[in-house]
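Only one structure is covered here, and it is reproduced in the block below.
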Amino acid sequence: MFGADTVLSNIKLEVQTRDRIALVGRNGAGKSTLLKIIAGEMSHDGGEIMKPKDVTIGYLAQNTGLETSSPIWDEMLTVFTDLRNMERELRRLEQEMGREEVFSNESRYNKLLAEYDRLQQTYKDRGGYQYEADTRSILSGLGFPAETHQTLISTLSGGQKTRLALGKMLLIKPDLLILDEPTNHLDIETLTWLEQYLQGYPGAILIVSHDRYFLDKVVTQVYEISNTQSRRFTGNYSKYLEQKAAFYEQEMKRYEKQQEEVAKLQDFVQRNIARASTTKRAQSRRKQLERMELMDRPAGDEKAASFHFDIDRQSGNDVLKVRDVSIGYHGAPVIEHISMSLTRGDSVALVGPNGIGKSTLLKSIIDKLELLHGTISFGSNVSLGYYDQEQANLTSAKRVLNEMWDEFPLHPEKDIRTLLGNFLFSGDDVLKPVSSLSGGEKARVALAKLMMQKSNLLILDEPTNHLDLSSKEILENALIDFPGTLLFVSHDRYFINRVATKVMELSADGAVEYLGDYDYYVAKKAEMLERAQLEEQNAPIVQAKAPAEKQSYQEEKERKKLERQRSRKIEEIETAIMELEEQIAALEELLCQPEVFQDYEQVQKITEEKQQLQTQLESQMEQWEELHA
Numbered sequence: 001m002f003g004a005d006t007v008l009s010n011i012k013l014e015v016q017t018r019d020r021i022a023l024v025g026r027n028g029a030g031k032s033t034l035l036k037i038i039a040g041e042m043s044h045d046g047g048e049i050m051k052p053k054d055v056t057i058g059y060l061a062q063n064t065g066l067e068t069s070s071p072i073w074d075e076m077l078t079v080f081t082d083l084r085n086m087e088r089e090l091r092r093l094e095q096e097m098g099r100e101e102v103f104s105n106e107s108r109y110n111k112l113l114a115e116y117d118r119l120q121q122t123y124k125d126r127g128g129y130q131y132e133a134d135t136r137s138i139l140s141g142l143g144f145p146a147e148t149h150q151t152l153i154s155t156l157s158g159g160q161k162t163r164l165a166l167g168k169m170l171l172i173k174p175d176l177l178i179l180d181e182p183t184n185h186l187d188i189e190t191l192t193w194l195e196q197y198l199q200g201y202p203g204a205i206l207i208v209s210h211d212r213y214f215l216d217k218v219v220t221q222v223y224e225i226s227n228t229q230s231r232r233f234t235g236n237y238s239k240y241l242e243q244k245a246a247f248y249e250q251e252m253k254r255y256e257k258q259q260e261e262v263a264k265l266q267d268f269v270q271r272n273i274a275r276a277s278t279t280k281r282a283q284s285r286r287k288q289l290e291r292m293e294l295m296d297r298p299a300g301d302e303k304a305a306s307f308h309f310d311i312d313r314q315s316g317n318d319v320l321k322v323r324d325v326s327i328g329y330h331g332a333p334v335i336e337h338i339s340m341s342l343t344r345g346d347s348v349a350l351v352g353p354n355g356i357g358k359s360t361l362l363k364s365i366i367d368k369l370e371l372l373h374g375t376i377s378f379g380s381n382v383s384l385g386y387y388d389q390e391q392a393n394l395t396s397a398k399r400v401l402n403e404m405w406d407e408f409p410l411h412p413e414k415d416i417r418t419l420l421g422n423f424l425f426s427g428d429d430v431l432k433p434v435s436s437l438s439g440g441e442k443a444r445v446a447l448a449k450l451m452m453q454k455s456n457l458l459i460l461d462e463p464t465n466h467l468d469l470s471s472k473e474i475l476e477n478a479l480i481d482f483p484g485t486l487l488f489v490s491h492d493r494y495f496i497n498r499v500a501t502k503v504m505e506l507s508a509d510g511a512v513e514y515l516g517d518y519d520y521y522v523a524k525k526a527e528m529l530e531r532a533q534l535e536e537q538n539a540p541i542v543q544a545k546a547p548a549e550k551q552s553y554q555e556e557k558e559r560k561k562l563e564r565q566r567s568r569k570i571e572e573i574e575t576a577i578m579e580l581e582e583q584i585a586a587l588e589e590l591l592c593q594p595e596v597f598q599d600y601e602q603v604q605k606i607t608e609e610k611q612q613l614q615t616q617l618e619s620q621m622e623q624w625e626e627l628h629a
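Going letter by letter, the sequence shown gives residues 1 to 629 in full-length UniProt numbering.
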């Protein structure tokens with residue numbers, strides 16, 4: 001409870017080994033509170049949490065970032081302090097056993113060897129030969145290649161610190177991994193990596209996330225928190241939506257059937273209770289009514305925002321043309337040579353890595369930024385509406401009502417209040433200052449203003465940020481029914497799948513259009529990559545000089561070829577590293593065998609071989625780091 005308000009009551013949740021569970025519900029439903037209670041970071045007023053003593057729980061709260069001045073690599077390796085201490089002890093024991101005076105003392109040697117054998121087995125069982133490779137893999141997946149590993153964490157952005165906190169938690173590998181909005185600050189490439197990693201995670205996972213595509217890929221159970229209660233559904237997020245709708249429909253039919261039966265019984269009692277010939281039957285029906293366990297009317301979704309986008313007038317067929325545009329700040333280009341066009345009814349998603357210039361392009365289109373090169377032109381009768389992901393256009397000193405009314409002064413106050421009510425601002429909520437609103441509330445105010453404009457071209461920058469799952473679905477439905485044209489940037493792949501009819505990918509080479517939704521875009525990219533690899537394998541050797549006009553193409557092709565060669569070399573080195581580590585481990589096990597450790601010459605020979613392999617391993621590691629740099 002918070003104050004006098006009950007946030008959660010009679011919650012039942014069970015987590016088994018390797019479960020993949022999502023907690024869903026509205027903002028404020030109590031999802032984060034429940035995670036904190038399970039993690040032991042918050043007390044509860046009633047009930048009990050049963051957990052075996054040896055089960056470890058790792059909890060990562062929203063926007064939790066590492067705060068340290070250590071380099072990235074050193075901070076990650078603090079997870080493995082015990083293993084690194086074991087390494088030092090193993091090296092010490094090896095040196096001790098290699099001394100002639102120890103070897104000649106059989107009792108002392110056997111004692112050291114037994115200790116070495118026990119420690120080495122523990123080291124191996126706990127992943128001693130794998131932890132550095134795991135650390136490199138996780139850092140790379142989260143967007144920290146080898147050349148960044150010596151960067152001081154204190155110099156990084158908040159989003160980078162949050163990603164490192166996630167990486168450290170993944171390296172700890174608790175039995176139950178509790179993640180509250182882990183997809184914040186991740187681009188699509190990193191999200192894809194995290195999905196694949198979590199699918200193979202050895203422990204159980206409990207997640208709160210607004211990324212429905214992510215939930216579809218990762219979870220196999222969904223617990224819905226609604227009206228302070230919980231309900232379990234089997235399957236991923238999409239299955240949960242289907243089951244929830246079917247369950248509501250089934251419960252409503254049962255309720256309506258019972259209500260019809262009650263009405264008939266009540267009618268019979270009223271008509272027949274006073275007549276002597278039928279009074280006994282009427283009394284029997286009344287007792288039947290009294291014994292009935294009456295159902296409550298099934299609770300539908302809690303109150304949700306309700307809106308749709310209309311237009312004042314239709315635009316011409318040609319809506320927007322972008323020709324050979326270069327964009328940037330203070331004369332420095334962020335991205336160049338962008339060309340694209342929108343026709344009436346298009347719904348185009350702009351995708352690309354973080355920092356490529358997606359939001360910058362939108363700001364250039366709406367003339368908030370001056371073009372460095374090229375032209376942008378609009379078709380006839382185009383009226384423009386823009387949604388800013390930062391809601392920077394909201395005036396924080398105003399009240400919510402005035403924020404809307406000042407922009408649309410010809411509308412009666414009653415209409416403005418009704419509109420705000422549709423966006424969940426009721427009663428005194430409309431008198432709150434904008435500065436006091438949460439991110440989700442500001443997003444709803446910005447969407448309400450956008451709806452009032454009735455523009456036929458909507459340009460949206462991350463419109464689903466700060467919205468809960470229910471609000472996202474309502475926004476999607478409104479945009480699907482929108483009779484105008486859409487251009488938007490979003491990291492929400494589920495949203496892109498539902499809304500987009502085209503995907504425009506921005507890269508250092510410009511813009512490439514894909515005619516379909518996000519899944520089509522991903523499949524097409526994979527197909528193109530596979531085709532390019534096949535062509536490279538089957539391509540004839542290029543003879544003579546390429547013509548001058550094809551020189552840049554050949555240079556680009558050569559660059560890509562070298563990049564592929566580099567990737568293959570990295571894979572070869574990683575394989576060699578793994579083989580060397582296995583050979584070293586085999587030699588260390590060999591040293592533990594009685595017939596070997598009793599032979600001083602053989603011990604010397606194996607130790608020398610092991611040192612040579614260790615030198616080779618260090619050389620391969622240096623090459624691996626150079627190639628990544």
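C-beta atoms are modelled at their ideal positions from N, C-alpha and C, and glycine is treated no differently.
Model, not experiment: these values are computed from the prediction.
Task: Chain-order list of residues whose beta-carbon lies under 8 Å from that of A332 (same chain, five-residue window excluded) - done: Walking along the sequence shown from the start, residue 332 turns up at place 332. Nothing listed; no residue qualifies.
Open item on the list: Please report the straight-line C-alpha distance between R286 and Q266, rounded to a whole angstrom.
Closed with: If you number the sequence shown from 1, residue 286 lands on position 286. If you number the sequence shown from 1, residue 266 lands on position 266. Distance between the alpha carbons of R286 and Q266 is about 7 Å.
Open item on the list: Just verifying my parser: in three-state terms, what is the DSSP assignment at K239?
Closed with: Here residue 239 corresponds to residue number 239 of the sequence shown, with the count starting at 1. Correct three-state label for K239: helix.
Task: Through-space distance from N184 to T64, alpha-carbon basis - done: The sequence position of residue 64 within the sequence shown is 64, counting from 1. The sequence position of residue 184 within the sequence shown is 184, counting from 1. Going by the C-alpha atoms only, they are around 10 Å apart.
TODO: Tell me whether I72 sits in a helix, a strand or coil according to DSSP, three-state version.
DONE: Taking the sequence shown and counting its residues from 1, one reaches residue 72 at position 72. Helix.
TODO: Can you give me the Cβ contacts of R126 inside the same chain, cut-off strictly under 7 Å, excluding the 5 residues immediately before and after it?
DONE: Indexing the sequence shown from 1 puts residue 126 at position 126. Cβ within range, chain order: L83.
TODO: Could you tell me whether any non-hydrogen atom of the ligand ZN is closer than 7 Å to the CB of L176?
DONE: Only the bare structure without any ligand can be found here, which leaves the ligand ZN out of the picture.
Open item on the list: So, with DSSP's three-state summary, where would you put L468?
Closed with: For the purposes of this step, residue 468 is taken as residue 468 along the sequence shown, with counting starting at 1. Checking the displayed sequence, the identity of residue 468 turns out to be Asp instead of Leu. Three-state result, D468: coil.
TODO: State buried or exposed for Y329, treating a residue as buried only when at least 16 other CB atoms are found within 10 Å of its CB.
DONE: To locate residue 329, count along the sequence shown from 1; it is residue 329. Y329 should be labelled exposed.
- [ ] With a cut-off of 8 Å on the beta carbons, I'd call N456 and V382 a contact; round off their distance for me.
- [x] Along the sequence shown, one-based indexing puts residue 456 at 456. Along the sequence shown, one-based indexing puts residue 382 at 382. Indeed, because the Cβ distance is near 6 Å, the residues count as touching under 8 Å.
Open item on the list: In the DSSP output, which residue or residues are listed as bridge partners for K321?
Closed with: Residue mapping note: residue 321 aligns to position 321 of the sequence shown, counting from 1. S341, S377.
Open item on the list: On the DSSP bridge list, what partners appear for G385?
Closed with: For the purposes of this step, residue 385 is identified with residue 385 of the sequence shown, where counting begins at 1. In DSSP, G385 forms a bridge with L458.
Task: For R522, three-class secondary structure by DSSP - done: Position 522 of the sequence shown, counting from 1, holds the residue named residue 522. Going by the sequence as given, residue 522 is Val instead of Arg. Here V522 sits in helix by DSSP.
Open item on the list: Going by DSSP in three states, K124 sits in which element: helix, strand or coil?
Closed with: Taking the sequence shown and counting its residues from 1, the one referred to as residue 124 is at position 124. Reduced to three states, the DSSP call for K124 is helix.
TODO: Out of G484, V503, A114, point me to the one whose CA is closest to D492's CA.
DONE: Within the sequence shown, residue 492 is the residue found at index 492, counting from 1. Among G484, V503, A114, the Cα nearest to that of D492 belongs to V503.
- [ ] My understanding is that T360 touches I311, with C-beta atoms under 8 Å, so please give their C-beta distance in whole angstroms.
- [x] On the sequence shown, residue 360 is found 360 positions in, with the first residue counted as 1. On the sequence shown, residue 311 is found 311 positions in, with the first residue counted as 1. Incorrect: roughly 27 Å between the Cβ atoms, too far for contact.
Task: T183 (DSSP reduced to helix, strand or coil) - done: If you number the sequence shown from 1, residue 183 lands on position 183. If DSSP states are grouped into helix, strand and coil, T183 belongs with coil.
Task: Opening and closing residue of the beta strand (DSSP E) in which Y131 lies - done: On the sequence shown, position 131 is the one that residue 131 refers to. First-last for Y131: 131-141, but that is the alpha helix (DSSP H), not the beta strand (DSSP E).
- [ ] May I ask you to report which of helix, strand or coil DSSP gives F268?
- [x] Residue 268 sits at position 268 when you count from the first residue of the sequence shown. It is helical.
Task: Buried versus exposed, by CB contacts within 10 Å (16 or more), I178 - done: Here residue 178 refers to the residue found at position 178 of the sequence shown. Classification for I178: buried.
Open item on the list: Give me, in chain order, the residues of the same chain whose beta-carbon lies closer than 7 Å to that of F268; leave out the 5 immediate sequence neighbours on both sides.
Closed with: Within the sequence shown, numbered from 1, the residue matching residue 268 stands at position 268. Closer than 7 Å at the Cβ level, and outside the excluded window around F268, lie A282, R285.
- [ ] Go ahead and pull the three-state DSSP assignment for L613.
- [x] Here residue 613 is taken as the residue at index 613 of the sequence shown, counted from 1. Correct three-state label for L613: helix.
TODO: Pull up the distance between the alpha-carbon of I225 and that of A22, whole angstroms please.
DONE: Walking along the sequence shown from the start, residue 225 turns up at place 225. Walking along the sequence shown from the start, residue 22 turns up at place 22. Rounded to whole angstroms, I225 to A22 spans 10 Å at the Cα level.
Open item on the list: Against chain C, with Cβ distances strictly below 8 Å, would L77 count as a contact?
Closed with: Reference to chain C is not applicable here, since this structure consists of a single protein chain.
TODO: Could you check which residue in R99, G128, K36 has the C-alpha nearest to that of T81?
DONE: In the sequence shown, counting from the first residue as 1, residue 81 sits at position 81. Taking only the C-alpha atoms, the option nearest T81 is G128.
Open item on the list: How far does the beta strand (DSSP E) with G510 in it extend, from its first residue to its last?
Closed with: Taking the sequence shown and counting its residues from 1, one reaches residue 510 at position 510. It spans 510-514 - the beta strand (DSSP E) in which G510 sits, taken as one unbroken run.
Open item on the list: Once DSSP output is grouped into helix, strand and coil, what is the label at E505?
Closed with: One-based indexing of the sequence shown puts residue 505 at position 505. E505: strand per DSSP, three-state reduction.
Task: Backbone secondary structure at V262 - three-state DSSP - done: On the sequence shown, position 262 is the one that residue 262 refers to. In the structure shown, V262 sits in a helix (DSSP, three-state: H, G or I).
Task: Cβ contact (3+ pairs, closer than 8 Å) linking the region 344-352 and the region 403-415 - done: no
Open item on the list: What does the Cβ neighbour count give for G439, buried or exposed, with the cut at 16 atoms within 10 Å?
Closed with: Within the sequence shown, the letter at position 439 stands for residue 439. G439 comes out exposed.
Task: Proximity of L93 and Y116 at Cβ, strictly below 8 Å - done: Mapped onto the sequence shown, residue 93 falls at position 93. Mapped onto the sequence shown, residue 116 falls at position 116. Yes. Within cutoff.
Task: Where T56 falls: helix, strand or coil (DSSP) - done: Within the sequence shown, the letter at position 56 stands for residue 56. Coil at T56, not helix or strand.
Open item on the list: So if DSSP puts A443 in a beta bridge, which residue, or which two residues, is it bridged to?
Closed with: Here residue 443 refers to the residue found at position 443 when the sequence shown is read from its first residue. None, per the DSSP bridge assignment.
Open item on the list: Here's the rule I'm using: 16 or more other beta-carbon atoms within 10 Å means buried, otherwise exposed. How should R568 be labelled?
Closed with: Looking up residue 568 in the sequence shown gives position 568. Looking at its Cβ environment, which holds fewer than 16 other Cβ atoms inside 10 Å, R568 is exposed.
Task: Beta-carbon proximity list for G357, same chain, < 7 Å, skipping 5 on both sides - done: Here residue 357 corresponds to residue number 357 of the sequence shown, with the count starting at 1. Once the five neighbours on either side are set aside, the close Cβ partners of G357 are I327, V334, I335, L506.
Task: First and last residue of the uninterrupted beta strand (DSSP E) at L486 - done: Your numbering for residue 486 matches position 486 in the sequence shown. From DSSP, the beta strand (DSSP E) with L486 extends over 485-489.
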